[in-house]
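So the sequence lines, in the order shown, correspond to chains A and B. Residues 1 to 351, numbered by full-length UniProt numbering, are exactly what the first sequence covers, in order. Residues 1 to 597, numbered by full-length UniProt numbering, are exactly what the second sequence covers, in order. No residue lacks a Cβ here, since even glycine has one placed at the ideal position from N, Cα and C. In this text, all values refer to a predicted model and were calculated from it rather than measured experimentally.
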Amino acid sequence: MMEFSRRRLLQTGGLVGTALVTGGLAGTAFSRIASAADDPLYAAAKKEGALTLYWGSYEQQTMEAIRDAFKAKYPGIEVNLLRQASQTVYTRLRMELQSGVHECDSLGTTNMLHYTELKKIGALAPFEPVDGVHIPDAFRTLDPDKMFHVGAISLTSINFAPGKVQSPPQSWQALLEDQWQGKITTGSPAFSGDVANWVVAIRRKYGDDFLRAFGKQKPKVGQSNVDTVTDILAGERVVGSGAPFSYTLTQKAAGNPIDVVAPSDDAILNLGVTGILAKAPHPNAARLFTNFLYSTEVSMILQKNFWPTLRKDVPWAEGRSLDQLKWTRNTGDDLGPEVAEGIAKWKELVR
Amino acid sequence: MGVISTDSPDSAAAATARPAMARVPLARTVVFGAVALLLFLLVVLPFGWVLNNSFHDDITGAWTLGNYTRIFQSVDLLEPLFNSLLLAVATAVIAVGIGVPLAWLVSRTDLPFRRTIRVLTMTAFVTPSFIGATGWILLAAPNSGWLNALWRSLAGAEAGPLLNIYSMTGAIFICGIYTVPYSFTMVSSALDEMAVELEDAAATLGSGTLRTMLSITIPLVTPAVIASFILSFIQGLTLFGVPAFLLTPTGIPVVTTKLAEFYQLFPPEIYMAAAYCMPLLLVTAMLFWMRRRILGRKQFITISGKSRAGRRIALGAARWPAFGAALLLPLVSVFLPYAALLLVSLTRAWGQGLSWENLSLHWYWWALFGNSETHTAIVNSLLFSTFAATLCVMLGTVVAYIVERRMVFGASLFGAVTTVPIIIPGIVMSVGFFAAYTRAPLNLYGTPLLLVAAFAATFLPIAYAHGGSILKGIGPELERAARSLGAGEGRTFLSITIPLMGGGLLSGWFLVFIPIIRELSVAVFLITPKTNVMTTLIYNAKDGGNYEAVCAMSVLLLLITLALVAAAGPLTRLTTVRRTSRKSGRKTAPAEGVLPT
C-alpha cells in the first residue's frame with residue numbers, strides 16, 4: 001500500500017514536471033513535489049482530505065484547469081468544484097448560512113459586495129497567503145483585515161468584427177457616432193454584473209447623457225456580455241459594447257473573426273474576489289488553495305486562457321500587461337445603490 | 001354485497017362513479033396515508049416555504065405584506081404579468097390548435113408514416129426550448145439569420161428581414177411549437193384508447209370525416225384537450241429560456257425574466273420573487289375552475305365493457321396532403337433548428353463559417369471524453385430522470401384515480417395540491433426545496449434523493465393531468481364487476497384499471513421523463529459537484545459563450561433521449577401483448593375490444 005502511493009506520487013510528480021517544462025518553466029518537478037510535501041499547510045490539508053469550491057469567477061474550462069493543477073500538485077485532496085454564475089453561487093451560500101449548512105470552503109465570485117456583506121455577518125475567516133506578495137500592487141490589499149483577496153481580474157472593453165469594420169471605435173464616446181447606429185450589441189446590466197459595472201463607470205464618467213445617446217443607437221441588448229461575441233460571430237451586429245476582453249481574445253485565438261479594442265477612455269476593470277468561509281469544513285485545504293491561486297502554475301493557466309494573470313512576474317497572453325492599458329475600477333462603499341440606480345436609468349433610457 | 005363499508009359523506013352524484021366500498025380499511029388507510037404523506041413532502045412542505053418566504057422582507061427578514069403591495073403598485077412589475085399572460089394564452093392556442101388535429105391524424109386515420117410523425121413530434125419534445133430558440137436565432141435573426149440571408153439573396157440585398165425572431169411573435173412561435181408535444185401526446189393517447197361506435201353511428205347517418213372528427217371524436221376527448229390546454233398555458237407562463245433569449249433584446253419583460261432579475265440583484269430579492277409567483281397561481285386556479293365549469297358532470301367514457309375495436313378512418317385523396325401538413329411541425333421544430341445546431345457543433349470555430357478546414361468532431365470528442373464532468377452528468381441525468389419519472393407517474397396516477405373515483409372525502413383537494421408545483425417557476429421552487437430539505441430532521445442536501453424529489457414534484461401535475469384524462473374515459477363498470485366478484489380496491493386498481501390505462505401510462509412516463517431530463521431551473525440550488533446534471537453543464541457552456549459545445553451537447557442529449565424513446569417502441573408492443581393475454585386469460589371478454597388493433 002505504501003509502495004503504491006509512493007509510485008502514484010512519483011507518477012504525479014512526473015506529470016506535473018511535464019506540465020511545468022512545457023509551460024516554459026525551469027526547476028525540477030521533484031524538488032517542487034518535495035517542497036509541497038514538506039509544507040505543513042499541505043500536511044494539514046491532506047489530513048482534511050477534501051476541498052469544496054463555490055466559484056463563479058472564470059468560465060468552466062479555466063476553472064477546471066485550475067482545479068486539475070491543484071489536484072496534481074497536492075495529491076490526496078479531493079476537490080469538489082461547484083461552478084455556477086456568481087450571483088447563483090452567492091445566493092446559494094447565503095441560503096446555506098441561513099440554514100446552518102456549512103459545505104463551502106472557498107468562495108470565488110465577481111462581486112466585491114458579496115464579501116463586504118459576508119464580512120459584516122462574520123462569515124469569513126482571515127488568511128494571509130504567502131504568495132500574495134506577487135499580486136499586482138493595485139490589488140494586493142483589498143481588505144485590511146485579510147478577509148478576502150483578489151481572485152480574478154476581468155476587463156470590459158469593445159469588441160468588433162475585423163472583416164466588416166475597417167476602423168473600429170477606439171473609445172466609449174466613439175460608439176455614439178452615427179455610423180454605429182443599429183450596429184452595436186451589448187449585454188443587460190440587469191443580467192450581467194460586468195455590464196452593470198460598465199453602466200456605473202460610464203455614468204460616473206459621462207452622466208446619463210451617454211446612456212440617452214447610447215439608447216438612440218438602438219443597440220441589441222442580450223443577457224450576458226458574452227452574447228456580444230455570439231452576435232458578432234453570427235453577423236447579427238458588428239461592434240460590441242461592454243464586451244468581455246479575455247473571452248473575446250479566447251475566441252479570436254480559436255480562429256474566430258473577432259478582435260478587441262481597449263478603449264482610450266478606459267477599459268473598465270472588475271475584480272473577482274475570493275474568501276475562505278469562517279465555518280469552512282476544510283479550512284486548511286481552503287488556505288492551501290487560496291495560496292495556490294497566486295502560484296506561477298495558476299497564472300500560467302490564466303495566461304493560456306487569455307485571462308489577466310494574478311502575478312506581476314507572469315505576463316498576460318500576447319505580452320499584454322496591466323501597465324499598457326488605460327483602465328479604471330469602480331470603488332466606493334455605495335456601489336450597491338449605484339448599481340440599482342444604473343439599472344433603473346438603463347431601463348428608462350436604453351431598452 | 002357483503003362488503004365492509006367505510007363510507008364517506010360524499011354526494012350522490014359522486015357515488016355513481018365510485019366503485020364499491022373498501023374491504024380492508026387498514027390497507028386503504030395505509031395507501032391514502034402514504035399518498036398524503038408523499039404529497040406533503042413533495043409539494044406542501046416546499047411550497048409552504050415559498051409561501052412563507054413571500055411574506056417576508058428580503059432585507060430585514062421581518063414579516064410583511066410589502067412584497068404583494070409592491071406588485072400592484074409598480075408598472076414595472078405589472079407589465080411582465082400581462083406580457084406573460086399574452087405569451088401563455090397564445091402558446092396554449094397554438095399547442096392545441098396544432099396538437100389536436102395532429103393527434104387525430106396520427107391516432108385515428110390512415111395517414112402515411114404515422115409512427116415517423118409520432119417519433120418526430122417526440123423529438124420536438126426532447127428539445128429544451130432554449131435550445132430550439134438558439135437554433136432559431138441562427139435561422140431567423142433579422143440581420144444574420146440564414147433564412148433571412150436566403151430571402152435577401154432572392155429579394156435583393158436592400159430588402160428588410162423576412163423574419164424577426166427577436167419579437168413577441170417569435171417567442172410565441174417558439175413556445176408554441178415546442179409545447180405542441182404536450183397536447184399531441186395527451187390527446188393522442190386518449191384517442192388511441194377510444195372506441196368507435198359513436199363515430200360509426202355518425203358515419204352511418206351520413207356525416208363526413210371532418211364533421212365526425214369535429215362533432216364526435218374531438219368532443220369525446222375534451223378532458224384531454226382541456227388538460228393539455230392548461231398545461232400548455234402553464235408552459236407559456238413558466239418558460240425562462242425562450243423569453244430570455246428572444247424577448248430581452250427587444251426589451252419585453254415577462255414574469256420569468258423579471259424573476260431572474262430579482263435573483264441577480266444585490267442583495268438577491270428571493271422573498272420578493274416568491275411573492276411574484278403568486279399571481280400565476282391565481283390565474284391558473286381560475287383556469288381549473290373554468291375547466292370544472294366546462295366539463296361539469298358530462299361523461300366522457302369511451303372505454304367500457306361494451307366497446308368495439310378502433311378502426312382507422314380513410315383519408316382518401318387527402319392522405320398525402322395531410323401527410324405534408326403533418327410534416328410542418330417537425331420541419332420547424334426539429335429539422336430546421338437541428339440542422340443549424342448540427343452545423344455549428346461540427347465546426348471547430350463557428351465564426352469562420354462552413355469550410356472543410358473548419359469541419360471537426362472536436363466538440364463531440366470534448367463533450368464525451370475531453371471533459372471529466374460530462375460522464376457523471378450524463379449518468380446522473382439518466383438515473384435521476386428515470387427514478388423521478390417513475391415516482392411521478394406512480395404517484396400522479398394513484399392521485400388521479402383517487403380524485404376521479406372520489407374515493408375519499410376531499411379528494412379534489414389532493415388534486416389541487418398535486419397541481420401546484422408546475423405553476424411555480426423552477427427557480428423559486430428550487431428555493432422552496434432548499435429551505436425544506438437542508439435542515440433537520442429531513443436534511444437531504446447534497447443527496448441524489450433531493451433532486452429526484454424535486455424533479456418528481458415539479459412534473460407531478462403532468463402525470464396527474466395525464467392520468468386523469470385517461471381515467472375520465474374509462475367507465476367504472478369493469479371495476480364494479482371486479483368488485484362484485486370479490487376483488488378489493490387495490491386489486492381492482494392493479495388488475496383492471498392499470499391494464500386499461502396501459503399504453504397511456506407509458507406515454508405518461510415519457511411525458512414526464514423528457515421534461516425532467518431537460519429541466520434546468522429547479523435543480524439550480526440543489527445540485528452539488530457530485531450530483532450535477534447535463535442541463536446545468538449545457539447552461540454553463542452557454543454562460544461561458546461556448547456555442548459549439550452547447551450545440552454538441554444538445555445534439556448528444558437529443559440522441560440519448562431519442563434512443564430511449566426508440567427503445568420504448570418494443571416496450572409498448574410488449575405491454576400491449578401482455579394486456580391482451582391477461583385480459584383474455586381472465587375472460588373479461590367484452591373488454592377485448594378496447595385493445596388497439
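- Spatial neighbours of P337 of chain A in its chain, beta-carbon cut-off 6 Å, leaving aside the 5 residues before and after: none
- Can the beta-carbon of W198 of chain A be found closer than 8 Å to that of I268 of chain A? yes
- Task: Would you mind reading off the limits of the beta strand (DSSP E) that contains E78 of chain A?
- Result: 78-83
- Task: Would you check if the distance between the CB atom of residue 603 of chain B and the CB atom of M186 of chain B is smaller than 8 Å?
- Result: As displayed, chain B neither begins before 1 nor continues past 597, which places residue 603 of chain B out of reach and without an answer.
- Query: Among all the DSSP beta bridges, which residues are the ones paired with G272 of chain A?
  - Reply: A:A152
- If C104 of chain A and Y42 of chain A are in contact, beta carbons under 8 Å, what's the gap, nearest whole angstrom? Not a contact, Cβ separation roughly 21 Å.
- Message: Excluding the 5 residues flanking G415 of chain B on each side, which residues of the same chain have their C-beta closer than 6 Å to its C-beta?
- Response: V403
- Query: Is there contact here, the stretch 272-284 of chain A with the stretch 331-349 of chain A, by at least three beta-carbon pairs under 8 Å?
  - Reply: no
- Could you tell me which residues DSSP puts in a beta bridge with T116 of chain A? T116 of chain A is not bridged to any residue.
- Message: Give me the chain B residues within the contact set of residue 376 of chain A, using Cβ-Cβ distance strictly less than 8 Å, ordered along the chain.
- Response: What is shown of chain A runs 1 to 351, which leaves residue 376 of chain A out entirely.
- Item | Separation of F55 of chain B from N67 of chain B, as counted between CA atoms | 7 Å
- Message: With DSSP as the reference, identify every bridge partner of A50 of chain A, one or two as the case may be.
- Response: A:E78
- Can you list, in chain order, the stretches of the alpha helix (DSSP H) that have 4 or more residues and sit fully within the stretch 158-195 of chain B? 168-192
- Per-residue DSSP class, three states only, for P244 of chain A: strand
- Under 8 Å, do Y263 of chain B and Q87 of chain A count as touching if we go by C-beta distance? yes
- Message: When you compare the CB of S57 of chain A with every CB in chain B, is at least one pair closer than 8 Å?
- Response: no
- Query: Closest to G275 of chain A by CA distance: which of A:K326, A:E59, A:F289 is it?
  - Reply: A:F289
- Message: Can you confirm whether D110 of chain B, when its beta carbon is compared against all beta carbons of chain A, has any partner nearer than 8 Å?
- Response: no
- Pull up the distance between the alpha-carbon of V196 of chain B and that of A314 of chain B, whole angstroms please. 14 Å
- Query: Using a Cβ-Cβ cut-off of 8 Å (strictly less than) and excluding sequence neighbours within five positions of F300 of chain B, which residues of its own chain qualify?
  - Reply: L220, V221, T222, P223, K472, G473
- Query: What is the rounded straight-line gap between the Cα of L342 of chain B and the Cα of N546 of chain B?
  - Reply: 15 Å
- Task: Identify whether K220 of chain A lies in helix, strand or coil by the three-state DSSP scheme.
- Result: strand
- Within 8 Å (strictly less), CB to CB, does L233 of chain A reach chain B? yes
- Can you give the beta carbon distance from I234 of chain B to V225 of chain B, rounded, assuming they're within the 8 Å contact cut? Incorrect: roughly 15 Å between the Cβ atoms, too far for contact.
- Task: Mark W509 of chain B as exposed unless 16 or more other C-beta atoms lie within 10 angstroms of its C-beta, in which case mark it buried.
- Result: buried
- Message: Distance check for A203 of chain B and I422 of chain B, CA to CA, integer angstroms please.
- Response: 41 Å
- For A123 of chain A, name the three-state secondary structure that DSSP assigns. coil
- Task: Check each candidate in A:L302, A:K326, A:P283, A:F306 and name the one with the smallest Cα separation from A262 of chain A.
- Result: A:K326
- Item | Inter-residue spacing [alpha-carbon to alpha-carbon] between V238 of chain A and D259 of chain A | 11 Å
- Item | Assigned secondary structure, F160 of chain A (DSSP; H/G/I helix, E/B strand, else coil) | strand
- Query: Does any residue of chain B bring its CB to less than 8 Å from the CB of N111 of chain A?
  - Reply: yes
- When burial is assigned at 16 or more other CB atoms within 10 Å of the CB, is H375 of chain B buried or exposed? exposed
- Contacts that P249 of chain B makes with chain A (C-beta to C-beta distance below 7 Å): K220, V221, G222
- Query: What residues from chain B crowd round L81 of chain A, counting only those whose CB sits closer than 8 Å?
  - Reply: P529
- Report yes or no: is there a C-beta of chain A within less than 8 Å of the C-beta of A141 of chain B? yes
- Item | Beta-carbon spacing of R212 of chain A, L349 of chain A below 8 Å | yes
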